[in-house]
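Protein chains in written order, with the UniProt record's numbering: chain A, 1 to 355; chain B, 1 to 355; chain C, 1 to 345; chain D, 1 to 345. Glycine residues also receive a C-beta, built at the ideal position from the N, C-alpha and C atoms. Presented below is the structure to which this report refers.
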Amino acid sequence: MLVVRAIQADDLDALYVMATQVGSGMTTLKPDMKMMGDRLDIAVASFAETIAPEKRDYMFVMEDTDTGRLAGVCAIKGAVGLNEPFYNYRIGTLVHSSREIDVFTRMETLYLSNDLTGSTELCSLFLHPDYRTGNNGKLLSKSRFLFIAQFPHLFTEKLIAEMRGYQEENGRSPFYEGLGRHFFKMDFDHVDALTAVGKKSFIAELMPRQPLYVAYLPDDAQEVIGKVHTSTAPARRLLEQEGLYFEGYVDIFDAGPVLQARVSELRAMRDSVLAQVGAAAVPDAACATLPEPEPGPEPVLVSNTALHDFRMILSQTAPVNGAVALSAAEQDALRCADGDAVRTLSLNSRKYPHV
Amino acid sequence: MLVVRAIQADDLDALYVMATQVGSGMTTLKPDMKMMGDRLDIAVASFAETIAPEKRDYMFVMEDTDTGRLAGVCAIKGAVGLNEPFYNYRIGTLVHSSREIDVFTRMETLYLSNDLTGSTELCSLFLHPDYRTGNNGKLLSKSRFLFIAQFPHLFTEKLIAEMRGYQEENGRSPFYEGLGRHFFKMDFDHVDALTAVGKKSFIAELMPRQPLYVAYLPDDAQEVIGKVHTSTAPARRLLEQEGLYFEGYVDIFDAGPVLQARVSELRAMRDSVLAQVGAAAVPDAACATLPEPEPGPEPVLVSNTALHDFRMILSQTAPVNGAVALSAAEQDALRCADGDAVRTLSLNSRKYPHV
Amino acid sequence: MYVVRPVELADIDALEALAAVPMPGVHTLPKTREKILAMIEGSIASFAAQVDIASEESYLLVLENLTDHSIAGTAAIFAAAGSNGTYFSFRNDVIQQVSRDLNISHSVHALTLCSELTGYSQLSSFYVGEREQGSAEAALLSRARLMFAVLAPHRFSDRFFVPLAGVTDTNSGSPFWDALGRKFFQMDFLDAERVIGGARNRTLIVELMPHYPVYVPLLPGDAQAAMGQIHPSGELAFNLLTAEGFEADDYIDIFDGGPILQAHKNSLRTFTGALQRRATVALDARDRGREPPVRYAISSGTEHNFRAVIADCAALEAQVTVALPAEVLGTLNIADGDTVICVRL
Amino acid sequence: MYVVRPVELADIDALEALAAVPMPGVHTLPKTREKILAMIEGSIASFAAQVDIASEESYLLVLENLTDHSIAGTAAIFAAAGSNGTYFSFRNDVIQQVSRDLNISHSVHALTLCSELTGYSQLSSFYVGEREQGSAEAALLSRARLMFAVLAPHRFSDRFFVPLAGVTDTNSGSPFWDALGRKFFQMDFLDAERVIGGARNRTLIVELMPHYPVYVPLLPGDAQAAMGQIHPSGELAFNLLTAEGFEADDYIDIFDGGPILQAHKNSLRTFTGALQRRATVALDARDRGREPPVRYAISSGTEHNFRAVIADCAALEAQVTVALPAEVLGTLNIADGDTVICVRL
């Protein structure tokens with residue numbers, strides 16, 4: 001069985017093994033024992049609540065309980081941009097209009113901003129290629145929403161996720177070539193690497209400060225603003241299903257979109273429910289099901305409610321009238337027992353049933 | 001009974017009478033026969049769908065059917081800023097940080113923007129003092145959400161409402177005195193009057209173009225950014241209950257907040273349901289009610305589904321299993337009959353029942 | 001012999017003929033007889049006016065060939081640019097970019113819409129006929145405007161500028177306009193110039209032109225290349241003005257990117273080198289042959305009788321008088337003993 | 001008699017004593033012996049260097065009283081400001097605001113962080129003792145820097161600037177800083193100057209100072225009043241420099257709002273009025289009594305032997321030589337027939 005759980009101090013070696021298998025696309029999980037160890041320390045302290053909420057970095061690993069192997073990792077950063085400025089371009093609108101000669105021009109503009117400073121960030125998602133089947137990707141990505149729904153008080157109201165921006169097949173970023181290169185005078189990969197290791201003061205030093213009209217950029221750069229890398233499109237869809245939206249913030253280098261949500265408006269906040277482990281108390285089959293009965297079994301995310309040892313699985317057992325009949329193996333994976341509270345959320349979102 | 005309905009061409013005289021009773025606070029409903037007639041023409045054409053969606057201005061009146069008297073008015077503008085630039089300040093964040101000397105300064109900034117260009121606007125709400133009792137205010141304000149839920153395709157995804165900004169009891173606007181006056185060199189009332197009559201080119205000519213740090217403003221100006229006029233606080237709460245949020249846009253003169261929502265995220269979109277006029281088909285009292293039975297009768301907004309003759313009332317009859325048993329008088333007010341579809345929405349929002 | 005003198009009503013036919021010669025750019029003579037007449041009348045009124053502070057006056061000088069009394073050129077000076085509003089231009093800023101961490105250092109140019117030239121005195125409408133191109137008379141005509149300013153400084157600003165027409169392509173399009181103004185005006189270069197009437201002080205500029213600096217590296221190559229480039233027809237003026245002490249590079253035109261030359265009067269040779277001397281009648285034109293003669297622009301020294309000519313005479317630095325042939329005094333409309341302004345050409 | 005000459009190692013004690021005199025602002029002498037020594041060595045190396053293009057050279061001149069060989073003042077000039085980075089200042093822009101609809105017209109000042117003074121030559125560290133305040137020797141000391149630039153133009157930029165200390169309140173606070181820099185640096189004026197070491201070219205300025213123009217009307221009254229105001233101790237320097245041709249108003253210091261005077265060399269009296277003459281020994285100091293004598297600053301004419309003194313002599317405009325007492329030639333370390341640079345004081 002696959003369990004997504006809070007990372008533990010002794011996961012370091014297994015994490016390192018997995019990081020060596022990550023390609024170059026993931027800048028936040030480099031196979032560097034020192035960096036990983038530091039980050040793991042913060043994660044452990046986060047679940048133990050021994051550091052301030054805005055400094056926390058909740059890391060989750062997906063473990064294959066049959067083999068003990070780590071299959072994936074993901075994280076939630078308590079707040080971004082409080083140590084180093086967190087830059088984005090915000091897309092705005094300026095209208096240039098003259099009634100005298102009847103001209104009305106609506107222009108898109110890019111503003112260099114630190115508006116997202118302090119937001120909670122979804123990040124560092126990685127699933128080992130061996131496990132890229134079925135619902136595993138969804139399970140891993142969405143585990144974070146169940147965690148947030150269980151502990152909303154730990155997070156700021158604003159949630160964000162940065163998406164990798166569009167690149168051509170040869171790795172060329174049309175947005176970077178059309179804008180950043182003129183100011184940084186170096187290759188995109190170099191810039192990318194600098195920011196990955198936290199060297200960001202050059203952004204303040206070199207980035208143009210004044211608002212830019214998008215129309216000044218070459219066409220191919222204009223076209224990719226807010227567009228994700230082909231390989232990132234599925235991840236974007238998953239997040240959008242959970243209630244994240246593109247609200248006009250993009251990466252300053254590759255113009256990849258930042259998805260955003262209010263925590264209180266997340267599907268997980270609206271639709272997840274607490275249930276008691278055990279058989280349903282009122283087995284009234286006629287009307288005890290959810291308003292719209294599903295045709296087949298609907299997979300359900302189920303988590304325990306413990307912060308320091310948060311664990312989550314995917315179950316085929318839906319809650320019925322506030323109770324969920326988990327199997328012994330499932331209870332074991334969640335480290336819970338009959339009568340304990342668990343949080344459940346259907347894996348897939350449904351459209352409003354009432355319209 | 002009070003009915004909120006699409007305005008009709010022959011409402012002009014009654015509307016004028018009501019406008020003469022409006023105080024100075026409402027700039028969009030001046031007792032000017034020419035201006036009102038022009039606006040009414042557009043409203044009638046809007047409901048008749050004879051002009052393009054972005055030019056429409058759906059006006060609704062609240063009629064006391066007992067006397068035929070108009071008790072209030074409200075409107076939805078299809079899109080703002082397409083004839084004249086629509087200006088706001090957007091509040092942003094800039095971080096100034098130097099690792100070298102360990103300084104981290106987070107500053108709020110004001111950007112002059114036309115970002116909300118093209119948004120659908122809720123506006124022109126006025127309820128005659130004689131009718132300011134009970135749920136009348138809610139009925140009038142919220143009627144627009146039911147209209148939008150019934151005809152979402154007529155609107156852009158972004159919905160906004162401008163709120164009157166904070167003023168001291170003597171009418172002084174601390175924000176205007178701290179900012180605008182330096183550039184406009186005239187009294188707030190004068191500026192307000194100019195914008196009301198559509199003279200807005202002076203904004204482009206005189207307003208400072210560059211982003212401003214909020215910290216430059218006097219304290220009393222800083223404090224009122226995004227704060228509503230005392231008399232507007234109840235209206236703000238009503239809109240927030242329906243899913244509008246303050247997202248950092250304020251008026252350029254008085255810094256009153258603009259509330260915003262995605263149409264698809266409105267409570268009315270999520271929670272309103274279609275029902276058939278008539279008695280409930282399956283009167284199974286044991287489990288046919290909504291999941292959480294209400295202690296008392298919950299007032300329900302009910303509208304017909306006709307665009308050109310949209311009508312809405314407040315009823316005490318909740319829909320049961322897709323049917324709503326409206327009284328003859330209610331059916332009459334809505335101009336519908338048994339078997340017709342109506343849209344219903346509980347007057348008051350409820351918190352998520354599942355958490 | 002040529003004289004530079006204020007325009008007169010009788011010059012209208014000659015000016016109309018000159019205006020018919022195709023010239024690029026917008027800082028040239030008006031094209032219709034009606035507008036030319038207005039310009040002449042404005043100039044006559046300006047010369048006649050009692051001026052306390054530079055305002056809407058515009059002075060138009062003509063170069064007259066005294067042999068046949070033909071008009072060989074025109075040159076104007078406006079007392080205060082944008083006097084009905086604001087004179088807009090792009091300031092060419094240089095932003096130094098230095099990153100210590102990355103050991104990078106370079107500079108980026110940015111164009112900022114600015115109104116700094118408002119109130120400067122503006123030189124304009126410089127034109128000389130084919131025959132006088134490159135001649136000393138062309139230099140006299142250009143400089144005579146500044147000599148008048150030396151004579152009547154209260155009529156002008158302490159700073160002067162001259163916009164010169166920018167480059168256009170074969171279809172009279174402007175690569176600079178296409179990269180910038182077109183995006184906001186949504187029309188062709190010539191249409192825009194027509195709509196705005198060649199003015200640079202209109203409200204619609206504030207309404208339509210970009211409010212934030214334009215980073216030059218983001219402009220297409222041909223637009224960058226056009227920045228500060230003069231139309232070939234402006235080369236004579238450009239050379240005369242830079243020799244005079246005007247500087248390019250700081251400002252360019254908001255429409256076509258043509259250069260705007262500007263200077264404080266203290267940097268202009270006419271101001272720093274102007275000598276006020278008493279004119280005397282030269283008894284014998286040959287008796288000063290001991291030193292090689294120097295070519296001077298000489299203008300009459302009162303503001304209500306302004307005329308300028310070229311004369312060769314001995315270096316004047318150490319003299320208190322300037323000896324001129326009687327004919328020159330006649331052309332200048334002055335008498336023996338009157339004051340003149342002299343500047344080495 | 002006084003002489004202005006390059007600083008020498010032997011001057012260190014005298015300079016240390018001068019540096020102990022409390023002076024406001026940051027453009028003064030360093031305070032520690034170690035730093036003073038570095039400055040002296042830097043100056044000696046700069047004078048000795050073969051320079052093709054202005055770079056990190058800094059030249060320090062001293063005013064020596066030849067009676068007792070005491071040091072009465074110092075004055076420095078840096079070849080290129082911000083040469084290790086960017087020299088930041090606030091440019092004082094004027095924005096013309098015109099609304100045709102409302103018939104409103106006024107101007108708004110805005111301060112823009114800019115790096116335009118980078119690469120200008122910077123005058124600095126001007127100080128004279130109590131006794132020489134307001135004397136011709138003070139003027140000589142200030143001007144000698146520019147005379148050296150006349151002599152060795154390749155060592156300097158074509159443009160020069162001088163930051164002068166701004167006003168502080170009774171607690172050594174700066175009202176301008178409190179309204180602006182403090183909001184970003186979150187510290188007191190003196191702490192900030194200490195942290196940054198008086199420099200204006202550090203990366204942390206880009207990181208911390210505002211990137212958008214500061215509209216002056218939004219600043220509190222005392223901060224507005226402090227803009228461009230000099231600390232009382234800077235009045236002498238200010239008067240000397242404006243008489244020289246420097247202009248205030250365009251730039252102010254980013255920390256205390258003090259004025260930054262600047263000029264193109266063509267606008268400076270030392271450059272426009274410098275005369276190169278051959279020095280001769282005056283046989284009889286009284287034989288030129290026919291004309292009233294003129295007071296000149298006279299410097300030796302080679303860049304590796306720079307010295308300057310004051311001397312009275314007949315007007316030199318029409319002369320090719322300047323007759324000086326043998327004692328003056330000795331002080332300038334030159335011989336009969338050598339070239340000198342002369343500027344009216």
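Would you mind working out which of the options sits nearest residue i, comparing C-alpha positions?
| i | options | result |
| --- | --- | --- |
| Tyr30/D | Asp336/D, Leu332/D and Ile12/D | Note that residue 30/D is Pro in the sequence shown here, rather than Tyr. Out of Asp336/D, Leu332/D and Ile12/D, Ile12/D has the C-alpha closest to the C-alpha of Pro30/D. |
| residue 370/B | Glu121/B, Gly226/B and Leu244/B | Absent from the model: residue 370/B. The displayed extent of chain B is 1 to 355, so no value can be given. |
| Val324/A | Glu330/A, Gln260/A, Ala275/A and Arg350/A | Ala275/A |
| Arg269/D | Thr118/D, Arg344/D and Tyr59/D | Arg344/D |
| Arg350/B | Glu298/B, Ser327/B and Ala43/B | Glu298/B |
| Tyr131/A | Asp64/A, Ala75/A and Cys336/A | Asp64/A |
| Phe78/D | Met39/D, Ala225/D, Pro217/D and Tyr296/D | Met39/D |
Please report the distance separating the alpha-carbon of residue i from that of residue j.
| i | j | result |
| --- | --- | --- |
| Met62/A | Ala204/A | 38 Å |
| Asp188/D | Gly173/D | 7 Å |
| Met186/B | Glu247/B | 29 Å |
| Gly118/A | Thr156/A | 8 Å |
| Glu235/C | Ile252/C | 16 Å |
| Ala76/D | Leu18/C | 57 Å |
| Ser46/D | Ser58/D | 6 Å |
| Glu294/B | Glu207/C | Note on Glu294/B: pLDDT 47, under 50, position unreliable in the model; no value is reported. |
| Asn348/B | Gln241/B | 8 Å |
| Leu9/C | Glu64/C | 14 Å |
| Glu303/C | Thr242/D | 31 Å |
| Val270/B | Ser264/B | Contrary to the premise, residue 270/B reads as Arg rather than Val in this sequence. If you take the alpha carbons of Arg270/B and Ser264/B, they lie about 8 Å apart. |
| Val21/C | Glu130/C | 11 Å |
| Ser89/C | Ser121/C | 14 Å |
| Arg69/B | Ala14/B | 7 Å |
| Ala9/A | Leu40/A | 7 Å |
| Glu137/D | Ile95/C | 39 Å |
| Gly322/A | Cys74/A | 29 Å |
| Phe238/D | Ile230/D | 8 Å |
| Val309/C | Val150/D | 35 Å |
| Ala288/B | Pro319/B | Its pLDDT being 43, under 50, Ala288/B is placed unreliably in this model, and the coordinates cannot settle the point. |
Beta carbon of residue i, beta carbon of residue j: below 8 Å?
| i | j | result |
| --- | --- | --- |
| Asp256/D | Phe176/D | yes |
| Thr120/A | Gly78/A | yes |
| Ile254/C | Ile205/C | yes |
| Gly166/C | Thr118/C | no |
| Val300/A | Leu326/A | no |
| Gly165/A | Ala255/A | yes |
Which residue or residues does DSSP assign as beta-bridge partners of residue i?
| i | result |
| --- | --- |
| Gln96/C | Ser107/C |
| His308/A | Looking at the DSSP assignment, His308/A forms no beta bridge with any residue, so it has no partner. |
| Asn88/A | Ser113/A |
* **Length-filtered (3 minimum) beta strand (DSSP E) runs lying within the stretch 222-278 of chain B** => Runs of the beta strand (DSSP E) inside the stretch 222-278 of chain B: 245-250, 257-262 and 273-277.
Run through the stretch 292-329 of chain D for me and flag every whole beta strand (DSSP E) of 3 or more residues, listed as ranges in chain order. Scanning the stretch 292-329 of chain D from its first residue to its last, the whole beta strand (DSSP E) runs of 3-plus residues come out as 294-300, 308-313 and 321-324.
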